[in-house]
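Q: Here it is: the structure, laid out below.
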Amino acid sequence: MPWKYKEEVIREGVSWAGLNGVKHPSNWSIWTSKEKEAAGLVWEEPQKEESYDERFWFNANTPKPLEDLKQTWREVVSRSVSSLLKPTDYVYIKKAEDSSYEIPESLLTYRQNVRKTAATIKEAISDATDHESFVALFKEGSNGKSIINDWPEKE
Numbered sequence: 015m016p017w018k019y020k021e022e023v024i025r026e027g028v029s030w031a032g033l034n035g036v037k038h039p040s041n042w043s044i045w046t047s048k049e050k051e052a053a054g055l056v057w058e059e060p061q062k063e064e065s066y067d068e069r070f071w072f073n074a075n076t077p078k079p080l081e082d083l084k085q086t087w088r089e090v091v092s093r094s095v096s097s098l099l100k101p102t103d104y105v106y107i108k109k110a111e112d113s114s115y116e117i118p119e120s121l122l123t124y125r126q127n128v129r130k131t132a133a134t135i136k137e138a139i140s141d142a143t144d145h146e147s148f149v150a151l152f153k154e155g156s157n158g159k160s161i162i163n164d165w166p167e168k169e
């Protein structure tokens, strides 16, 4: 409940000084509306906050700088590549320890596709010319995935 005294929001559970310096108790919220108004409080309807995606906006009206977003998401893509490839890194250790071991073709293909996808995503990030085109990278396409999250599946 945003009750205000002289444009200052008075928080529930906190005492406050009103007219003529009169200090009001912290339980003032139990007063009736008439008592609150008599003490100089004014009710103000809470402003409905517009929803926004905090990944791209500081608030509903202020977008994050495009270059900051691009840098952040290039880093996210790099971390994604690492997390996708890490579970299959063991095959290269195995190959180093046992020269007769053949890395499965499906695994080689998967790893290659992860890297290609990362390059494609990073290119799309770099190609975004404004905030709107950058945010569009996160919209789901007909395959149910966004450009930014269209990673290959491991077979």
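Per the working numbering: the sequence shown = residues 15 to 169.
The C-beta atom is built at its ideal place from N, Cα and C for all residues, glycine as well.
Have a look at the DSSP bridge pairing and note the partners of P77.
A: Stepping through the sequence shown from its first residue, residue 77 is reached at position 63. W71, per the DSSP bridge assignment.
Q: Considering Y19, what are the terminal residues of the alpha helix (DSSP H) in which it resides?
A: Translated into positions along the sequence shown, residue 19 becomes position 5. Where Y19 is concerned, there is no enclosing alpha helix (DSSP H), although the beta strand (DSSP E) it sits in stretches over W17 to Y19.
Q: Which whole-angstrom value is the C-beta distance of A132 and V90, which I expect to be below 8 Å?
A: In the sequence shown, residue 132 corresponds to position 118, counting from 1. In the sequence shown, residue 90 corresponds to position 76, counting from 1. Between V90 and A132 the Cβ distance is about 10 Å, and since that is not below 8 Å, they are no contact.
Q: Following the continuous beta strand (DSSP E) through E22, name the residue where it begins and the one where it ends.
A: As a working note, residue 22 is residue 8 in the sequence shown. Segment E22 to I24, the beta strand (DSSP E) holding E22.
Q: For the alpha helix (DSSP H) containing I135, name the first residue and the last one.
A: Indexing the sequence shown from 1 puts residue 135 at position 121. E119 to D141 is the extent of the alpha helix (DSSP H) around I135.
Q: Nearest-angstrom Cα distance between R125 and P16?
A: Working through the sequence shown from its first residue, we reach residue 125 at position 111. Working through the sequence shown from its first residue, we reach residue 16 at position 2. Going from the Cα of R125 to the Cα of P16 covers about 55 Å.
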